[in-house]
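Before any comments, here is the structure.
Protein chains: 2
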Amino acid sequence: MKLLIPGPVELDSTVSNAMAKPIMGHRTPIFSEILNECWSILKEIYNTRNDIALITGSGTSAMEAAVASVVKDSDEVVVIEGGKFGERFGEISEAFGAKVNTVPVEWGKSFTKEDVEKVVSDSNAKVITLTHNETSTGVIHNAEIVGKIAREYDMLFIMDAVTSLGGDVVETDKWGVDLCVSGSQKCLAAPPGLGFVAVSNKAYEAMENNQKRKAYYLDLLRYRKALKKETTPYTPSVSLIYGLNTALLRIKDEGINVRIERHRKLARVFREAVKAMNLELFADSSCASNTVTSIKIPEDMNDDDIRGNLLREFEILVAGGQAHVKGKIFRIGHMGNVQFGDIIQVLGAMEIILKRKGHSFKLGEGVKTALEEFL
Amino acid sequence: MKLLIPGPVELDSTVSNAMAKPIMGHRTPIFSEILNECWSILKEIYNTRNDIALITGSGTSAMEAAVASVVKDSDEVVVIEGGKFGERFGEISEAFGAKVNTVPVEWGKSFTKEDVEKVVSDSNAKVITLTHNETSTGVIHNAEIVGKIAREYDMLFIMDAVTSLGGDVVETDKWGVDLCVSGSQKCLAAPPGLGFVAVSNKAYEAMENNQKRKAYYLDLLRYRKALKKETTPYTPSVSLIYGLNTALLRIKDEGINVRIERHRKLARVFREAVKAMNLELFADSSCASNTVTSIKIPEDMNDDDIRGNLLREFEILVAGGQAHVKGKIFRIGHMGNVQFGDIIQVLGAMEIILKRKGHSFKLGEGVKTALEEFL
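So the protein lines, in turn, are chains A and B. Residue numbers for the first sequence follow my numbering, beginning at 109 and rising by one. Residue numbers for the second sequence follow my numbering, beginning at 109 and rising by one.
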C-alpha cells in the first residue's frame, strides 16, 4: 500500500531495519551518544541553539508539554486557529484551566498581522500559540509575524511545527519561537511515537516561575534536568530512537536545504497538476503548504468516490477532511521521503477515477502538467 | 551485551523484526484488527473485562494518566510508598495539586493491613495508590489487601503493575483495581514506549465527575471515546504496536500461567544461588519479587566492583541502587524472555568477580545451588 496521508509516512528501509536492532540499556554512555547525535542534527533542522526535549509520545504530547509547562489555572492564552491543530492548542489550554482568546481564521486561509494584534492587544495573555503548517487544511502560516508580535508584547511563542520541520523552513531562534513543537513521523520520515520541544531560556524561566503548573511526565524542566546528564527523564523508546537517529542521518546526507527544496518543488508540481485536472485547491494559493495539499471534492462526487477508489483499485491511502470539511475535501501528504514517482502515481490514479466519474477535464493533462512543472 | 536490568528487556527476534514492517495508516480497519488483538490478549493477562487505554509513552505516562484523570487540585490521595516507583505516585499527585497522605514503608519490606488502614481512616482521600512490584527494591506487595481496603472505604484503587504484569499474577478485577497501569518493556518483553491503563467503570464515573481534571493527551476519557471506534485518540506508534502484538502472541503461545511459573521458578533459583554465594538479599524473603532481585553489595566492595566488572569483562548489564540505596545494592531483572541460561550466566560471572575480590564463599556453590534448585 502506498501511504500518502499527511503522516505517519513511509520509512526508508534503513530506518525500519534500525528499529530491529537489539535493545540496549538506556542509561549507558553508548545510548547517550545516539541521543546526542539526534539532538545535534535536530538542532540544525530546527535552526536553534536551544535545548530540545525528546518525548516518548505522539505530537500531541509535545503540544501539551509546551502548554502545560508554562500555563496555569486562569492564565490567558491567545490561540490562532484556522484548522484542527491550531484549535487543538485551545482545547489543551482550556483542559489546563486557561482562558482562551482565539484569533479566528477561516479554514484554508491565513491571517494578517492586524488580525492577531487586535486579539493580543485586547488580552492579558502571556502566551500565544500557532500551528505553523496546518495539516487539516494544507495551509502554511507566517510564523515570523507572530514571533514579532510575541516579542513586542513580551509573550511566549508556542509553535507547532509538526508538519513543517524537515519539509519547510523553520527558523526557531530567528523567529523567536520559545517552545517549538514537532514530531517524528512527518517530514523527518522517522517512525511515529516521538515528540520534540525546542525550549528557549525565556520559556525555562517562565516554567520556574510557574510553580502551579500541572505536569510531571510532560514537565519540560524534568527534560532539562535529564538533558544535562545526556539522557531522558523516563525510559525512552529505544527502538524508536534507533529509527529517529537513522532518519536524521539520512536528512543530513541529503542536506536540509536540498530537502526543503524537494518538498517545495514537488508541492508546486502537484498543485499545478491538480489544477490542470480541473480540480479546486482548498487552501488559498498565497498560503499553500509545501508538505500537504487539500483538494475540494467535486460537487457531484463524495469522499468514497475519490478516497475509496484510490484505496481499492490503486492501493493508495490518502486522508479525508476533518471536522466541518469532512466529505468536502481530501488531503494528500507529500512529505518525508516522497519523490516525483509518488506524485505521478497518485495523479495518474486520480485522473482515471475522475474520468470514469465523468469529471470534465482532458485526460492526461494532470500528469503532463506535472512533467512540465518538474522540468 | 546481555541485558539483565529490570527493563527494558531483550526482545525476541520475531518482535524486533516485526517493528521493521512497513508503516501502515493508523486509521484503517487492518490496523484496528491489530489493536483489537492486542487489547484482547492484554485483557487475558490483566484478568480484566475493563477497557484498556493504550498510550504511546513510557510507563510513567500511564501512571500520570491514571492519577491526572481522577485527581484534581486539593484532593487527598493515599500513597503507599516503599520504593522509588511507589513514591513517584506521590510526586505525580502533588504535581497535579493533590494533598498526599503517605503510608511509609521501609525499602525492602512490605506493609500490613493495619499500616494502610491507619492512614486511610485518618484521611478524606478518595484515591489510594500502590506499586505492585517495586522495581527499585525487588519487593512484591500484597495488592489484594489494598483492594479490600479501597472497597471498604469506597476509594479508587490505582495500581502500578509495570513490572508484575506478565511475570506475576495480576488479578485486576478480582482485587478491584480501578486503574491498573502497566508498560510494554518489562515482563511482556515488548519494546519500550507503550503504557497501558485498565480502567473500571467506577473510575470512568469519577473522571466524568472530575470536570477540573488537568489532562488532555493523558485524559483517559479520550481513550475510551477512541476505543469505541477501535482506535487510539492520537497517532499511535505503529512500529511499537507491531512489536507489542508479536510479543503478546508469543505470551499466548507460552501460556500466561506457564510464563508466571517460569518467572517464579527462576527467581527462586536465583535467590537461593545468591544466598549460597554468601551474599545478602535486600528484599525480605516474605515479599521477594519474582521479576527483579536486589542484592546488597558486600561492605568491602563498591558498585563498580560488581556492576563495572560485570559489564567490562562479561558484557552483562545489571542495574544499580537508586536514591538512598545507591551504591548499596545492585539489581538484576529476570523478567520477560529470561531463561535458565541467563541466570547461570550472571551467577557464574558474579562468582568469578566475588572470588577475585576475596569474598568469602565456596567457589561454584552459587551455580551448583542454582542447578539443584532448578532440578
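Cβ atoms here follow ideal geometry from the backbone N, Cα and C, with glycine treated the same way.
Using the Cβ count rule (16 or more neighbours within 10 Å means buried), how would you classify residue i?
i               : result
P116 of chain A : buried
D408 of chain B : exposed
N317 of chain A : exposed
T271 of chain B : buried
G472 of chain B : exposed
V366 of chain A : exposed
K333 of chain A : exposed
H249 of chain A : buried
Q447 of chain A : exposed
R464 of chain A : exposed
R420 of chain B : exposed
D361 of chain B : exposed
E118 of chain A : buried
Go through its chain and collect everything with a Cβ distance to residue i's Cβ below 8 Å, but skip five positions before and after it.
i               : result
S166 of chain A : G291, P300, G301, G303
E202 of chain B : V208
H432 of chain A : W215
L418 of chain B : I424, L425, V426, V454, A457, M458, I461
R372 of chain B : D276, N398
C146 of chain A : L162, I349, L352, N353, L356
G435 of chain A : I405, N410, D411, G428, G429
Between residue i and residue j, what straight-line distance do the alpha-carbon atoms span, to the nearest angstrom?
i               : j               : result
F422 of chain A : T237 of chain A : 39 Å
N241 of chain A : T343 of chain A : 30 Å
K180 of chain A : N158 of chain A : 23 Å
A174 of chain B : G449 of chain A : 46 Å
E199 of chain B : V187 of chain B : 10 Å
L374 of chain A : E252 of chain A : 24 Å
I485 of chain B : V208 of chain B : The requested residue 485 of chain B does not occur in the structure, where chain B is confined to residues 109 to 483.
P130 of chain B : I451 of chain B : 36 Å
L534 of chain A : K404 of chain A : Residue 534 of chain A is absent from the model: chain A starts at 109 and stops at 483.
A176 of chain B : M315 of chain B : 9 Å
T487 of chain B : C395 of chain B : Nothing can be reported for residue 487 of chain B: it is not among the residues displayed for chain B, which extend from 109 to 483.
V475 of chain A : P406 of chain A : 19 Å
I138 of chain B : V346 of chain B : 12 Å
M114 of chain B : G428 of chain A : Inspection of the sequence shows that residue 114 of chain B is occupied by Pro rather than by Met. Looking at the two C-alpha atoms, the distance is approximately 43 Å.
T239 of chain B : V213 of chain B : 12 Å
E380 of chain A : E369 of chain A : 17 Å
K336 of chain B : I142 of chain B : 15 Å
Q293 of chain B : S140 of chain B : 22 Å
K322 of chain B : L479 of chain A : 52 Å
S231 of chain B : E260 of chain B : 14 Å
V289 of chain B : E172 of chain A : 21 Å
Y331 of chain A : N386 of chain A : 50 Å
I414 of chain A : V247 of chain A : 21 Å
R196 of chain A : G190 of chain A : 10 Å
G416 of chain A : K383 of chain A : 21 Å
A269 of chain B : L111 of chain A : 37 Å
V227 of chain A : K221 of chain A : 10 Å
I359 of chain B : M267 of chain B : 22 Å
Below 8 Å on the Cβ atoms is my contact criterion, and I expect residue i with residue j to pass it. Report the Cβ-Cβ distance as a whole number of Å.
i               : j               : result
D281 of chain B : N155 of chain B : 6 Å
G216 of chain A : D392 of chain A : 6 Å
M91 of chain B  : M127 of chain A : Only positions 109 to 483 of chain B appear in the structure, and residue 91 of chain B is not among them; the question remains open.
I160 of chain B : A306 of chain B : 5 Å
D411 of chain B : F438 of chain B : 7 Å
P329 of chain A : C295 of chain A : The sequence shown places Leu at residue 329 of chain A, not Pro. About 28 Å; that fails the 8 Å criterion.
G441 of chain B : V400 of chain B : 5 Å
V211 of chain B : F219 of chain B : 6 Å
Can you list, in chain order, the residues of its chain whose CB lies under 7 Å from that of residue i, leaving out five sequence neighbours each side?
i               : result
F265 of chain A : I236, V254, G255, A258, G284, V285, D286
R376 of chain A : E481
R135 of chain B : T339
A233 of chain A : E184, V185, V186, N209, M263
T354 of chain B : T122, V123, A126
E152 of chain B : I364
S169 of chain A : I163, G303, L326
Within the same chain, show all residues whose beta-carbon is closer than 6 Å to that of residue i, passing over the 5 residues directly before and after it, in chain order.
i               : result
A206 of chain A : V179, D183, V185
Q430 of chain B : K192, S244
G351 of chain B : V123, A126, M127, A298, P299
N309 of chain B : none
Whole runs of the beta strand (DSSP E) within the segment 135–177 of chain A, excluding any shorter than 3 residues:
159–164
Inside the segment 421–476 of chain B only - alpha helix (DSSP H) runs reaching at least 4 residues
448–464
Write down every uninterrupted run of the alpha helix (DSSP H) in the segment 234–261 of chain B whose length is 4 residues or greater and which is fully enclosed by it, in chain order.
251–260
So within the segment 252–328 of chain B, which uninterrupted alpha helix (DSSP H) runs reach at least 4 residues, ignoring any that extend past its ends?
280–283, 309–316
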